[in-house]
Amino acid sequence: MPPDPWHFPRPEFTEQVLSSLTQGPAQALTLFAPRRTGKTEFLLKDLAPLAGEREHPVIYASFWQTPFSPLGVLLYELETWLARASVGGRVRSAATALAPKLRLSAAPFGVGVEAEVDLSALGGRPPDALLLHLDGLLERVSRRGRPAILLLDEVQELARRPENEALVAALRTSLDRRSDRLRVVFTGSSRKGLGAMFSARSAPFFHFASQIELPVLGDGFVHHLIEAFRAASGRALSPAEMLPAFEGMGRSPFVFRTLLDVLLHDPALPVQAAMEEVRGRIAASLDYSRVWLSLSPLQRATAGVLATDLDRPFSKQFRAAVGERLQESPPSAARIQGALRRLVRLDLADVTANGWMLADPEFAAWVRETGLEAPPGTSEPE
Ligand SMILES: Nc1ncnc2c1ncn2[C@@H]1O[C@H](COP(=O)(O)OP(=O)(O)OP(=O)(O)O)[C@@H](O)[C@H]1O
Ligand SMILES: [Mg+2]
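Counting in this note's numbering, the sequence shown tops out at residue 678, every number present.
As C-alpha cells, this is what we get:
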C-alpha cells in the first residue's frame, strides 16, 4: 500500500515505543487515550509498518463492534496472518470483511483433517479446544526470529462480558509462556473498561503491562495537513488561520480532518463557515441527539455537569449542580452512581486519574453547546 499522504507520521515516538516493546522489561504496553485521538492510526500506520520493516511478525486485532466474538477475531487474524506469511504476502485485513467460515490450519480437536469453524457462531464461553488452538497459533507466529507483536485494539470490550474471562485467562497463559517471543500492545479508549479488567479476576493479565501516553498532536500535524491539502486541491490554507482552528477544536485530529474534508468539497468556503458545518456534521454522523434522547433526565443532567469542569460526581457541589439542572433537590450519591453506571456502559463517561469526564471530547462539546435539555414531549426512559 502506498503511504497515506494525509497521515502525519510520528517517527520518534514510534521508534521509542517499538524499542521499549521489544527491548524493555515489560512484555506489554497499554496505550489509553480518549476517543478519536489517533490510537488506531498510530498502531496501523506508524507502529505496525516500522515493526514490519524490522521483521517482527505483527498481528492487529480490534475488538470494537465486530460481528464475531473476541476469540473469533483473534483466530481469524492469526490464521490469516499465517496463511499470508506462508505465501509470502503482506498482512492486514479486517475480520469483518470476509465470510464467517474460517478454515483452521490444524484440526483443533486432534489429528488429521482440517477443521472449519463458523466464527459467527462462536458466542458464549469458548470451547477449550479452540483456546488450545489459539495457543498453538500464538506459538507459530512467535517462532519466527524476531519477537511477534500483537496489537490488540479496544481491549475494554474483553472486559464487558463474563464469558470472555476464559479467553483472557488463556491469552495470559499464552503470553506468560512466551515472554521473550511475544509482545503486546493493548489499546483502548475507556480507562473505566480497563479498570474493570484490573479489578476482575483477569487482573494479572495487565499486571505486567506498562503504560504509555500518546503525545498530543501539535503544530507539525497542522503544517503537514496544510501541505497535503495544497497537494490535493491547490488551495493554500493559512497557518495563521488553521493553527488556532486546530487549537480551538481541542487538537482533535478527527475534527481537523473533517474540517479539511469540508473545505475540500467546497473550495470557496471560508474556514470559519466550514467550522460551523463540521460541528453539525460530526453531531449528525455520531448521532448525538439520538444518544442524548436515550438517556434519562438524571443521566442527562449528570452528563451535562460532567461536560463542565466539575469532575467529582459524588461531591456536594456536583450533586447540587445536577439538582439545579433537574430543578429539584440534589440527588443522592447512589442515584448519581446509577446514572454514571449507565453512562459508562454506553461508553459516554470515563474516569481518569484526574476524575470523571465525558469519554468523547466532541460529545462533551456538543453537550455544552446544544444538548442542554430534551425537547418537550420526548419519551423519558429511566
Ligand atoms: N497521525 C495522524 N495523521 C493524520 N490523521 C490522523 C492521525 N491520527 C489520527 N488522525 C485522524 O483522526 C481520526 C481518528 O483517529 P483514530 O481512529 O486512530 O483514533 P482512535 O484514538 O483510535 O479513536 P477511537 O477511540 O474512536 O478508536 C482518524 O480517522 C484520522 O482521520
Ligand atoms: Mg481506534
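Backbone N, C-alpha and C define an ideal beta-carbon position, used for all residues, glycine too.
Just so we're clear, the structure is a prediction, and the values are computed from it rather than from any experiment.
First and last residue of the uninterrupted alpha helix (DSSP H) at R526 | Here residue 526 refers to the residue found at position 230 when the sequence shown is read from its first residue. 515 to 529 is the extent of the alpha helix (DSSP H) around R526.
Please classify G600: is it buried, with 16 or more other beta-carbons within 10 angstroms of its beta-carbon, or exposed?
-> Locating residue 600 in the sequence shown gives position 304, counting from the first residue. Buried.
Buried or exposed: where does V512 fall if 16 or more other Cβ atoms within 10 Å of its Cβ makes it buried?
-> In the sequence shown, the residue the question calls residue 512 occupies position 216. Taking every protein chain shown into account, the CB of V512 has fewer than 16 other CB atoms within 10 angstroms, so this residue is exposed.
Return yes when the Cβ of L539 is within less than 8 Å of the Cβ of D557, no when it is not.
-> For the purposes of this step, residue 557 is identified with residue 261 of the sequence shown, where counting begins at 1. For the purposes of this step, residue 539 is identified with residue 243 of the sequence shown, where counting begins at 1. It is not a contact, given that the beta carbons lie outside the stated cut-off.
Chain-ordered list of residues that sit, by beta carbon, closer than 5 Å to a heavy atom of ligand 3 = Among the ligands in the structure shown, ligand 3 does not appear; only ligand 1 and ligand 2 can be found there.
For L478, which residues does DSSP report across the bridge?
-> Residue mapping note: residue 478 aligns to position 182 of the sequence shown, counting from 1. DSSP output for L478 lists A444 as bridge partner(s).
Please say whether L367 and L446 have beta carbons closer to each other than 8 Å?
-> Here the question's residue 446 lines up with position 150 in the sequence shown. Here the question's residue 367 lines up with position 71 in the sequence shown. By the CB criterion at 8 Å, L446 and L367 fall outside the cutoff.
Compute the minimum distance between the beta carbon of D656 and the heavy atoms of ligand 2, and state whether it is under 7 Å.
-> Counting from 1 along the sequence shown, the entry for residue 656 is found at position 360. Within 7 Å of the C-beta of D656 there is not a single heavy atom belonging to ligand 2.
Where S358 and Q623 are concerned, what is the direct C-alpha to C-alpha distance, given to the nearest angstrom?
-> Locating residue 358 in the sequence shown gives position 62, counting from the first residue. Locating residue 623 in the sequence shown gives position 327, counting from the first residue. Note on geometry: alpha-carbon atoms of S358 and Q623 lie some 43 Å from one another.
With DSSP as the reference, label D557 as helix, strand or coil.
-> Within the sequence shown, numbered from 1, the residue matching residue 557 stands at position 261. Helix at D557.
Mind pulling the alpha helix (DSSP H) runs of 4 or more residues that sit fully within the segment 303 to 387?
-> Counting only runs that start and end inside the segment 303 to 387, the alpha helix (DSSP H) elements of at least 4 residues fall at 307 to 319, 335 to 338, 344 to 349, 366 to 382.
Along the alpha helix (DSSP H) that carries D646, what are the first and last residues, could you check?
-> Within the sequence shown, residue 646 is the residue found at index 350, counting from 1. From DSSP, D646 is part of no alpha helix (DSSP H) but of the beta strand (DSSP E) over 645 to 648.
Mind checking H352: buried by the 16 CB within 10 Å criterion, or exposed?
-> By one-based count along the sequence shown, residue 352 stands at place 56. So H352 ends up on the buried side.
What does a CB cutoff of less than 8 Å around E450 pick up in its chain, not counting 5 residues either side in sequence?
-> Your numbering for residue 450 matches position 154 in the sequence shown. These residues qualify, in order along the chain: S358, F359, W360, T483, G484, S485.
In the DSSP assignment, what residue or residues form a beta bridge with Q507?
-> Residue numbering aside, residue 507 sits at position 211 when the sequence shown is read from its first letter. Q507 pairs with T326.
Considering only the beta carbon of each residue, do L589 and V481 sit closer than 8 Å?
-> Mapped onto the sequence shown, residue 589 falls at position 293. Mapped onto the sequence shown, residue 481 falls at position 185. If you check the CB distance, L589 and V481 do not come in under 8 Å.
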